[in-house]
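Q: Reading the sequence shown from the start, the letters are residues 0 to 337 in numbering that gives the first Met the number 0. By construction, the Cβ of each residue, glycine as well, lies at the ideal position given by its N, Cα and C atoms. One structure coming up, written as structure tokens, with questions to follow.
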Amino acid sequence: MFDWKQDTHRRLNPLTNEWVLVSPHRTERPWQGQVEAADAAAQPEYDPTCYLCPGNERAGGARNPRYSSTFVFDNDFAALRPATPPDRFDESGLLVAQGEPGICRVGCFSPRHDLTIANMRPAGIRSVVDMWAGQYTELGARESIRHVQIFENRGAMMGCSNAHPHCQIWANAHLPNEIAKEQAAQLKWREARNHCLICDYAALESSRKERLVDENATWLAVVPFWAVWPFETMAMPRRHVASIDALDGGERDGLADILQRLTARYNRLFAAPFPYSMGFHQSPTDGESHAEWHMHVHFLPPLLRSATVRKFLVGYEMLAAPQRDLTPESAAERLRNA
Ligand SMILES: [Zn+2]
Ligand SMILES: [Zn+2]
Ligand SMILES: [Zn+2]
């Protein structure tokens, strides 16, 4: 048997049926690549030039209300638009395309420009969880909307140009690639074993502990066995819940708590604001019952060895398969100790 800590091996992601190559010995190689400036500048509570701060004018000309909790609005520069014709184009099965109507919204977490999930109060994050659940319910109830993607890009390294704490909500008619893969895998698992894939995975990680990063009464967070990004994590509710609107009060508080704990650990890891893309995977809103779905959160942060050195997915990763140097077990240990 190979040595997990030394020998190159590949690991299967059972949610996507894709493999990741793990080459642990490569962390010793010298680094001569790009070093990014850490974006650690302190933010003001209110920024008169921020298009998300209360009372300010946005680029599209609309003015934000003087909101005091969360605030959601239709994105002024939306990638998805409701009036797009849904026609399909197909030439010989080679040139295939389809119109994709939808809705893009922005959700502000707080009127405070300088806060992040890591330093918001629990009640404030709970309001954000309720906002997410409300958006999922409202948008998902529309006939034309079969999937609602809620996500946050944090930090300039992730292409986020505005420090104001906010998320994006993209709702459309077709299942995106990652959701379709995970749905198929969960359905197959359920049909083969009469169990839920993520219930089984949560139970296994809960007992093994080596990839566990944090937990509370209703949620646990792990570095997945098949993680691609160096400090990637996945948080899941202990109970089998298909979507965020079905979380009870205790589980919503638990989600707020686990998000706060995880983001605070990330910030402590390299003593700097930690960039990431974070988002929910959950049941589509197509009117079907999806007993196979177990909702969860993915954190995909790019940092590798410090606040300024990031992991690039290039070359072999772009052409063949994702690859990582640091093992998920040692990443989990470092996050637990942060
Ligand atoms: Zn702001
Ligand atoms: Zn489950
Ligand atoms: Zn997922």
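How far does the beta strand (DSSP E) with P236 in it extend, from its first residue to its last?
A: That run of the beta strand (DSSP E) goes T232 to P236.
Q: How about C49 and H112: do their beta carbons lie closer than 8 Å?
A: A contact, by the Cβ cut-off of 8 Å.
Q: Provide the residue span of the beta strand (DSSP E) that contains A220, from first to last.
A: Run containing A220: W218 to V221, per the beta strand (DSSP E) assignment.
Q: So, with DSSP's three-state summary, where would you put V128?
A: Helix.
Q: Only counting the same chain, and skipping five residues up and downstream in sequence, which positions put a Cβ closer than 6 Å to that of F345?
A: Residue 345 is absent from the model: the chain starts at 0 and stops at 337.
Q: Who are the Cβ neighbours of E151 in its own chain at under 6 Å, not counting the five residues just before and after it?
A: Hits under 6 Å: C166 and M277.
Q: Work out the CA separation of I116 and R62 for me, nearest whole Å.
A: Whole-angstrom Cα-Cα distance: 25 Å.
Q: Answer with buried or exposed for K310, where buried requires no fewer than 16 other C-beta atoms within 10 angstroms of its C-beta.
A: Under this definition K310 is a buried residue.
Q: Return helix, strand or coil for R210, following the three-state DSSP convention.
A: Three-state result, R210: coil.
Q: In the structure shown, what three-state DSSP assignment does L51 receive?
A: Looking at L51 - three-state DSSP - the assignment turns out to be coil, as it is neither helix nor strand.
Q: Once the 5 residues before and after R57 are set aside, which same chain residues still bring their CB inside 6 Å of it?
A: The residues are Y50 and D75.
Q: Could you compute how far the alpha carbon of M233 sits from the alpha carbon of D213?
A: Cα-Cα distance, rounded: 10 Å.
Q: Tell me whether the segment 131 to 142 and the segment 5 to 24 touch, counting them as touching only if at least three CB pairs, one residue from each stretch, are closer than 8 Å.
A: The answer is no - the segment 5 to 24 does not touch the segment 131 to 142, with fewer than three Cβ pairs under 8 Å.
Q: Taking 8 Å as the threshold, find out whether the segment 194 to 211 comes into contact with the segment 123 to 136 through three or more Cβ pairs.
A: The segment 194 to 211 is not in contact with the segment 123 to 136.
Q: Quick one, which of T262, L203, I102 and W225 has its alpha-carbon nearest P13's?
A: Taking only the C-alpha atoms, the option nearest P13 is W225.
Q: Please list, in chain order, all residues of the same chain as H289 whose beta carbon is under 6 Å from its beta carbon, the five residues on each side excluded.
A: Once the five neighbours on either side are set aside, the close Cβ partners of H289 are A241 and S282.
Q: State the CB to CB distance for the pair A96 and F108, rounded to an integer number of angstroms; the pair is presumed to be in contact (CB under 8 Å).
A: Actually they are not in contact, since the Cβ atoms of A96 and F108 sit about 36 Å apart, beyond 8 Å.
Q: Decide if V296 is buried, meaning its Cβ has at least 16 other Cβ atoms within 10 Å, or exposed.
A: Buried is the call here.
Q: Alpha carbon to alpha carbon, what distance is there between I257 and Y45?
A: Going from the Cα of Y45 to the Cα of I257 covers about 27 Å.
Q: Sort out for me which residues DSSP pairs D252 with in a bridge.
A: None, per the DSSP bridge assignment.
Q: For V19, collect the residues of the same chain with a Cβ closer than 6 Å to its Cβ; drop the 5 residues on either side in sequence, then sort them by chain order.
A: Closer than 6 Å at the Cβ level, and outside the excluded window around V19, lie R10, W225, V227 and P321.
Q: Taking 7 Å as the cut-off, is the beta-carbon of H165 closer than that to any non-hydrogen atom of ligand 5?
A: In terms of ligand content, the structure shown lacks ligand 5 and carries ligand 1, ligand 2 and ligand 3 instead.
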